[in-house]
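Asker:
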Amino acid sequence: MKLKIVFIFVTIYILSFRVPIYAEDIPVPPPDIIPLTEVPDNSAPVWEETFFIRNGDFILWQGSVPLPDNGTVEINDINGISHSVSARSVLAILKTIDETNDSFSISNLQFYDSFSSFYIKCILPAGGTEACDNWQYAVGNTIPSVSIDAIVLSGGENIYVFFGPQYRVVLDSGKITTADTLIVTAEEYNYEDNSWETRTEVTVGLTQSNPDDPWSPIEILTSAVDEDGQANFSSIPEGTYNVGIKEDFYFPTEALIVTTFFIPNPMPESSSGSSGRSKRSESVLGATTETKFDLKKAFEFIISQQKENGSFGEDIFTDWVAITYGAMGVTNDSHDALLNYFNSHNSASLLLTDNERHVMALLSLGQNPYSFNGTNYTNLITNSFDGIQFGDPGLINDDIFALIPLANTGYTVNDDIIIKDIAFIISKQKINGSWEESIDLTAAAIQALKPFESVAGVSNSLSSAGIYLGGEQNEDGSWGSVYSTSWAMQAMNVLNESWSKNENTPLDYLGKQQAGDGAVLSSSETLQNRIWATSYAIPAVLGKPWNLIMHTVAKPVQQNTKIIMNIENINQVVKTRSENTPEDVSNKNSKDITTEVGINTNPAPQIFLASTGQSKDNIPLPIIIGRAIIFIGIVLLRFLKFIV
1379 MKLKIVFIFV
1389 TIYILSFRVP
1399 IYAEDIPVPP
1409 PDIIPLTEVP
1419 DNSAPVWEET
1429 FFIRNGDFIL
1439 WQGSVPLPDN
1449 GTVEINDING
1459 ISHSVSARSV
1469 LAILKTIDET
1479 NDSFSISNLQ
1489 FYDSFSSFYI
1499 KCILPAGGTE
1509 ACDNWQYAVG
1519 NTIPSVSIDA
1529 IVLSGGENIY
1539 VFFGPQYRVV
1549 LDSGKITTAD
1559 TLIVTAEEYN
1569 YEDNSWETRT
1579 EVTVGLTQSN
1589 PDDPWSPIEI
1599 LTSAVDEDGQ
1609 ANFSSIPEGT
1619 YNVGIKEDFY
1629 FPTEALIVTT
1639 FFIPNPMPES
1649 SSGSSGRSKR
1659 SESVLGATTE
1669 TKFDLKKAFE
1679 FIISQQKENG
1689 SFGEDIFTDW
1699 VAITYGAMGV
1709 TNDSHDALLN
1719 YFNSHNSASL
1729 LLTDNERHVM
1739 ALLSLGQNPY
1749 SFNGTNYTNL
1759 ITNSFDGIQF
1769 GDPGLINDDI
1779 FALIPLANTG
1789 YTVNDDIIIK
1799 DIAFIISKQK
1809 INGSWEESID
1819 LTAAAIQALK
1829 PFESVAGVSN
1839 SLSSAGIYLG
1849 GEQNEDGSWG
1859 SVYSTSWAMQ
1869 AMNVLNESWS
1879 KNENTPLDYL
1889 GKQQAGDGAV
1899 LSSSETLQNR
1909 IWATSYAIPA
1919 VLGKPWNLIM
1929 HTVAKPVQQN
1939 TKIIMNIENI
1949 NQVVKTRSEN
1959 TPEDVSNKNS
1969 KDITTEVGIN
1979 TNPAPQIFLA
1989 STGQSKDNIP
1999 LPIIIGRAII
2009 FIGIVLLRFL
2019 KFIV
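Sequential numbering from 1379 applies to the sequence shown in my numbering.
#1: If I measure Cβ to Cβ from Asp1854 and keep anything under 6 Å in the same chain, skipping five residues before and after, which residues do I get?
#2: Alpha carbon to alpha carbon, how far is Ile1797 from Pro1642? Give it in angstroms, no decimals.
#3: Give, in chain order, every unbroken run of the beta strand (DSSP E) that is at least 3 residues long and sits entirely within the region 1521–1594.
#4: With three or more beta-carbon pairs closer than 8 Å as the criterion, would you say the region 1444–1456 touches the region 1511–1524?
#5: By a C-beta neighbour count over all protein chains shown, 10 Å radius and 16 as the cutoff for buried, is Gly1664 buried or exposed?
#6: What does the alpha-carbon distance come out to for the pair Leu1584 and Phe1430?
#7: For Leu1827, list the residues DSSP reports as bridge partners.
#8: Which of the three DSSP states, helix, strand or coil, is assigned to Ala1869?
#9: For Phe1695, report the span of its alpha helix (DSSP H) as first-last.
#10: Let me check understanding here. Comparing Cα to Cα, which of Glu1903, Tyr1789, Asn1775, Gly1744 lies closest to Thr1760?
#11: Would you mind reading off the limits of the alpha helix (DSSP H) that contains Ala1780?
#12: Is the region 1618–1629 close to the region 1584–1601, with three or more CB pairs under 8 Å?
#13: With the cut-off set at 8 Å, would you say Trp1698 and Tyr1497 are in Cβ contact?
#14: So Val1872 and Gln1825 are supposed to be a Cβ contact under 8 Å. How far apart are they, rounded?
#15: Does the region 1501–1511 touch the region 1452–1464, meaning 3 or more C-beta pairs lie closer than 8 Å?
#16: Using the C-alpha atoms, what's the distance from Trp1924 back to Glu1815?
#17: So Phe1489 packs on Asp1511, CB below 8 Å; how close in whole Å?
#18: In three-state terms, what does DSSP make of Ser1601?
#19: Which residues in the same chain have their Cβ closer than 7 Å to the Cβ of Ile1526, if we skip the five residues on either side of it in sequence?
#20: Going straight from the alpha carbon of Pro1783 to that of Gly1772, what length do you get?
#21: Given a threshold of 16 other Cβ atoms within 10 Å of its Cβ, counted over all protein chains shown, does Lys1670 qualify as buried or as exposed?
#22: Let me check understanding here. Comparing Cα to Cα, which of Asn1572, Gly1889, Val1580 lies closest to Val1562?
#23: Do Thr1702 and Val1636 have their C-beta atoms closer together than 8 Å?
#24: For Gly1849, which option in Val1860, Ala1866, Val1833 has the closest C-alpha, if you only look at C-alpha atoms?
#25: In angstroms, rounded to a whole number, what distance separates the CA positions of Asp1672 and Thr1638?
#26: Measuring only the C-alpha atoms, how far is Pro1677 from Leu1502?
#27: When the Cα atoms are used, what is the spatial distance from Gln1984 to Pro1423?
#28: Below 8 Å on the Cβ atoms is my contact criterion, and I expect Ala1821 with Asp1799 to pass it. Report the Cβ-Cβ distance as a whole number of Å.
#29: Among residues of its own chain, excluding the 5 on either side of Ser1573, which ones have a beta-carbon nearer than 7 Å to its beta-carbon?
#30: Per DSSP, which one or two residues make a beta bridge with Ile1431?
#31: Quick one, which of Lys1828, Lys1879, Ala1897 has its alpha-carbon nearest Tyr1861's?
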């Protein structure tokens, strides 16, 4: 009996002994695979349109706006007449931007019944000047050929509204001689960053007006551009031309003036004797003159005075010689030496009139005063404008000589600075038609005002000034000195007049003042004065006023680099693309400010639970074994009780 009891307790003890069992010792069925599944997005995608509105470097507005629902909206034209357009048209969305912010306003919106189309004539930036008649637009990298209300957007596009031409030609000079070569560059506007890029595979043409058909100009010369977008023309006949692109139907164009380059052949010296000097007659500037002026000898004198550094002494004399070089069309080594001198002595003056004269000199040599060797000489002039006049309010010469070069650097009657300066100059004209009772200033004012004759009051001012000069001419045909006579001759040419007194012309007078070495002053005068006077006389003898001598350069698209930006809604737009989502026409553009973040379409990764010794029901194996031992123990205890 005791042996049975011992055996039972030993059995219970053995069964109750806890033996560690590890998961790796027990075969575990592979766990279930739990894939990551996509959560469907049942919300409709929100599409936006990104607009950039600019005039050169000046950004009027940029930002993103929601794409409206399909439908139509009513838009009023400048006359208040309502027209229906698509709510998703470029114009409709642009009008919405206009109405919801104060960065700009569409100040003149016209509608043409004949085309059933809108035309944006003018846009007014906040605090700025209205820009008219050259607004264009692009959708992505395409400039549509239809009106701005005809293009319907579908979502995700970049729209550029910009002011200015899409294409242009750039001339290396707007005034050349028949001996020069003209280089024309074809360019295309990049509205994304306001830059001009080379344009190829087009033909450049020199045209003249067709009196029978103003829309079909007469082609004089044509040339295809090379891989650099350039076309070269040489031996161009004397005349006035418009230069443009044939594929663009010659619009827009740049003006070109070609003059004949010549140095007159020397004529036999006039004989002299006790009976007085005999005279030969020749026609110059439309007047019959009897005294010869040796232009070739005068120019040879000028060249002979050039210094080793390329200058002709002080800056004032060097500048006036540069203008003479421009009048003569000089392109030889002497010209290059003079230009090298300007490059190596490139510094602005504290005197406004010095800077004005230097701009005239640079333009005469075909240089760009906006960016000559890193210096913007034109800004030195315009920055002196006080809202009424240039420089010293007590002087008029600085206003006259500001107007002269500005006319050849892109400033026109559309510039407020020009209109106000003209008004100031005219206000200083005396009743007798002069300025300061001065022949020099009056002659200079005539040359300054003539390009702006269309401005009210200018024509009468020129007429009065001409009457004054004609009345002040001396009996010998002069205006008292070589200097004043030379300028008066240029003014005479501008006014298309021919003045003489007692059958003596201004050229007679200059011929009498010319010395044997060609200078237009006697050898008793200082060398600097002889250079100065001769440099005045040569353009006068050639009949060339300053504006005809100076080359023309374009005014930069925008001088004011201040940028006003509307940044609202500029953050990245998150979109979910579905198969029926419209293609974003600009998603290949690296400059696109919108990005797309879509759900990964690759299969979701299969993630397995780590092997931790868990059963399928997640109950640890030792707990199951322990429960079995307790159950067996209870059974044995009952059995033992039964036995006992």
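C-beta: ideal position from N, C-alpha, C; glycine also.
Because the structure is a prediction, the values reported are computed rather than measured.
Answerer: With the structure as the only source:
#1: Along the sequence shown, read from residue 1 onward, the residue named residue 1854 stands at position 476. These residues qualify, in order along the chain: Asn1882, Tyr1887.
#2: Start at 1 with the first residue of the sequence shown, and residue 1642 comes out as number 264. Start at 1 with the first residue of the sequence shown, and residue 1797 comes out as number 419. Reliability of the predicted coordinates at Pro1642 is poor, the pLDDT of 42 falling under 50, and no value is obtained from them.
#3: 1536–1541, 1545–1549, 1553–1555, 1559–1568, 1573–1576, 1581–1586
#4: no
#5: As a working mapping, residue 1664 is identified with position 286 in the sequence shown. Model confidence at Gly1664 stands at a pLDDT of 37, short of 50, so the residue's coordinates are unreliable; what they give is reported in the following sentence. Label assigned to Gly1664: exposed.
#6: The residue you call residue 1584 lines up with position 206 of the sequence shown. The residue you call residue 1430 lines up with position 52 of the sequence shown. Their Cα atoms are separated by approximately 35 Å.
#7: If you number the sequence shown from 1, residue 1827 lands on position 449. Partner(s): none; Leu1827 has no beta bridge.
#8: As a first step, residue 1869 is located in the sequence shown; it is residue number 491 there, counting from the start. Reduced to three states, the DSSP call for Ala1869 is helix.
#9: Counted from its first residue, the sequence shown places residue 1695 at position 317. Note, Phe1695: alpha helix (DSSP H), 1693–1706.
#10: Within the sequence shown, residue 1760 is the residue found at index 382, counting from 1. Comparing Cα-Cα distances from Thr1760 to each of Glu1903, Tyr1789, Asn1775, Gly1744, the minimum goes to Tyr1789.
#11: Counting from 1 along the sequence shown, the entry for residue 1780 is found at position 402. From DSSP, the alpha helix (DSSP H) with Ala1780 extends over 1775–1784.
#12: yes
#13: Here residue 1698 corresponds to residue number 320 of the sequence shown, with the count starting at 1. Here residue 1497 corresponds to residue number 119 of the sequence shown, with the count starting at 1. No, these two residues do not count as a Cβ contact at 8 Å.
#14: Here the question's residue 1872 lines up with position 494 in the sequence shown. Here the question's residue 1825 lines up with position 447 in the sequence shown. Indeed they touch by this definition, with Cβ atoms about 6 Å apart.
#15: no
#16: The count along the sequence shown starts at 1 and reaches residue 1815 at position 437. The count along the sequence shown starts at 1 and reaches residue 1924 at position 546. If you take the alpha carbons of Glu1815 and Trp1924, they lie about 22 Å apart.
#17: For this step, residue 1489 is matched to residue 111 along the sequence shown. For this step, residue 1511 is matched to residue 133 along the sequence shown. Contact doesn't hold; Cβ gap of about 16 Å is too wide.
#18: Here residue 1601 corresponds to residue number 223 of the sequence shown, with the count starting at 1. DSSP places Ser1601 in strand when its eight states are reduced to three.
#19: Your numbering for residue 1526 matches position 148 in the sequence shown. Within the same chain, Ile1526 has close Cβ partners Val1468, Leu1469, Phe1496, Ile1498, Tyr1515.
#20: Residue 1783 sits at position 405 when you count from the first residue of the sequence shown. Residue 1772 sits at position 394 when you count from the first residue of the sequence shown. In a straight line, the C-alpha of Pro1783 is about 21 Å away from that of Gly1772.
#21: Numbered from 1 along the sequence shown, position 292 holds the residue referred to as residue 1670. Buried, by the Cβ-count rule.
#22: Counting from one through the sequence shown, the residue named residue 1562 turns up at place 184. Checking every option, the nearest Cα to that of Val1562 belongs to Val1580.
#23: The residue given as residue 1702 occupies position 324 in the sequence shown. The residue given as residue 1636 occupies position 258 in the sequence shown. No, Cβ-Cβ distance for Thr1702 and Val1636 is not below 8 Å.
#24: On the sequence shown, residue 1849 is found 471 positions in, with the first residue counted as 1. Residue Ala1866 is the option with its Cα nearest to Gly1849.
#25: The count along the sequence shown starts at 1 and reaches residue 1672 at position 294. The count along the sequence shown starts at 1 and reaches residue 1638 at position 260. Each residue's alpha carbon lies about 18 Å from the other.
#26: Within the sequence shown, the letter at position 299 stands for residue 1677. Within the sequence shown, the letter at position 124 stands for residue 1502. Just to set this straight, residue 1677 is Phe in the shown sequence, not Pro. Distance between the alpha carbons of Phe1677 and Leu1502: 52 Å.
#27: Locating residue 1984 in the sequence shown gives position 606, where the first residue counts as 1. Locating residue 1423 in the sequence shown gives position 45, where the first residue counts as 1. Reliability of the predicted coordinates at Gln1984 is poor, the pLDDT of 33 falling under 50, and no value is obtained from them.
#28: Your numbering for residue 1821 matches position 443 in the sequence shown. Your numbering for residue 1799 matches position 421 in the sequence shown. Not confirmed; about 18 Å, so no contact.
#29: In the sequence shown, residue 1573 corresponds to position 195, counting from 1. Cβ within range, chain order: n/a, list empty.
#30: Locating residue 1431 in the sequence shown gives position 53, counting from the first residue. Trp1439, Val1539.
#31: Residue numbering aside, residue 1861 sits at position 483 when the sequence shown is read from its first letter. Of the candidates Lys1828, Lys1879, Ala1897, the one whose C-alpha sits nearest the C-alpha of Tyr1861 is Ala1897.
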